[in-house]
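Peer 1: Heads up: take any position in the sequence shown, counting from 1, add 323, and you land on our numbering.
The beta carbon of each residue, even a glycine, is placed where N, CA and C say it ideally should be.
Starting off with a structure, shown below.
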Amino acid sequence: MNKLVITCAITGAEVTKKDNPAVPYTIAETAESAYGAYKAGASIIHLHAREDDGTPTQHWHRYNELIEAIKARCPGIIIQVSTGGSVGMTAEERMSPLEISPEMASLDCGTLNFGKNDIFVNTISEIEMFAAKMHEKNVQYELGVFEKGHIDTALRLWKKGIIREPLRFCFALGVYGGMTGEARDFEFMKGSIPEDALFSVAGVGKYEYILAEQAIIHGGNVRVGLEDNLYIEKGVLASSNAALVEKAVWMAHSHGREIATPTEARMILKMVK
């Protein structure tokens, strides 16, 4: 079985320091948090940008500063920029980081209710536009799927040549308003993608390690981090992103999986020819 690729989603766009003081905002905080995750075993940083006061931003210049700061601390790390941005942003705003041709980005493949009052909108026309921009900028991408219909959309676009191989899915489950993240949900999602497709899991809240264990057992990869889950165990706030990565590493070792370095991750994810 391949070594485990761990992604750490270090800050997100919705959680704040009021939720957990370890959520990073500034460039220095973000670089330090990424470094902790990297040292703990993460080979990919899933990156949202925040202003110093915590306001989400998709402006390319902020991403450029963050990426430079992270790379200076974390040699070889893969940085996957978010094109999800924050709920309510336009598609054009969300695509801004692609202007700097990052190595990797997320590509969300469908719309869903997001919390009680928000809708995370990804029309098929927008998905096509994002994919075209990523191809133009030579950006590798991971397909964010929050439920089975999003997989179907991605596969239809793949068959049309709009989404290209290699197919890398991230099952993002447990969002309030979306699909839950029980083992049965994982099995359904995994059974809905091609056998040779790559997959990772991102469980929200209590589903983070339920899904992580399923992915570890079944040969997939894992995403953890304060964007998705604020707690290291029930009722106990995580002290850092590193602590969440360390728990995933411990879980992997308990099931006999070794941890991939960034160089190994690029090979496993078919990012290099």
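Between which two residues does the alpha helix (DSSP H) holding asparagine 305 run?
Peer 2: The chain is shown from 324 up to 596; residue 305 falls before or after that span and cannot be answered.
Peer 1: Looking only at C-alpha atoms, which of Ala535, Val559 and Glu518 sits nearest to glycine 497?
Peer 2: Ala535
Peer 1: From the DSSP secondary-structure annotation, give me the bridge partner or partners of asparagine 461.
Peer 2: Bridge partners of asparagine 461: none, in fact.
Peer 1: Given a cut-off of 8 Å on the beta-carbon distance, is the pair threonine 353 and proline 344 in contact?
Peer 2: no
Peer 1: Hey, could you find the ends of the beta strand (DSSP E) glutamate 581 is sitting in?
Peer 2: From DSSP, glutamate 581 is part of no beta strand (DSSP E); its letter is neither H nor E.
Peer 1: Pull up the distance between the alpha-carbon of glycine 579 and that of aspartate 519, whole angstroms please.
Peer 2: 22 Å
Peer 1: Using DSSP with H/G/I as helix, E/B as strand and the rest coil, what is glutamine 403?
Peer 2: Glutamine 403 sits in a strand when the DSSP states are folded into three classes.
Peer 1: Starting from the N-terminal side, write out each stretch of the beta strand (DSSP E) that is 3 residues or longer and does not extend beyond the segment 416 to 459.
Peer 2: Within the segment 416 to 459, the complete beta strand (DSSP E) runs of at least 3 residues fall at 427 to 431, 435 to 437 and 441 to 443.
Peer 1: For lysine 513, I'd like the list of residues in its chain whose CB is within less than 6 Å of its CB, leaving aside the five on either flank, ordered along the chain.
Peer 2: none
Peer 1: Can you name, in chain order, every residue of its own chain whose Cβ lies under 7 Å from the Cβ of glycine 543, other than the five neighbours on each side?
Peer 2: Phe522, Ser523 and Val524
Peer 1: Could you work out which residue in Glu449, Glu581 and Gln403 is closest to methionine 324 when comparing CA atoms only?
Peer 2: Glu581
Peer 1: With DSSP collapsed to three states, give me the class of glycine 501.
Peer 2: strand
Peer 1: With distances taken between CB atoms, is the gap from isoleucine 401 to serine 366 smaller than 8 Å?
Peer 2: Yes. Within cutoff.
Peer 1: Under the DSSP definition of a beta bridge, which residues are partnered with isoleucine 367?
Peer 2: Thr330 and Ile401
Peer 1: DSSP state of alanine 372, grouped into three classes?
Peer 2: In this structure, alanine 372 counts as strand in the three-state DSSP scheme.
Peer 1: My assumption, with CB atoms under 8 Å, is that glycine 433 sits in contact with histidine 473. Please give the rounded CB distance.
Peer 2: 3 Å
Peer 1: Measure the CB-CB distance between glutamine 463 and glutamate 426 and report whether it falls below 8 Å.
Peer 2: yes
Peer 1: Going by CA-CA distance only, name the one from Ile423, Thr406 and Lys482 that's closest to glutamate 449.
Peer 2: Thr406
Peer 1: Under 8 Å, do alanine 538 and isoleucine 486 count as touching if we go by C-beta distance?
Peer 2: no
Peer 1: Which residues does DSSP list as the beta-bridge partners of serine 523?
Peer 2: Serine 523 is bridged to Cys493 and Asn544.
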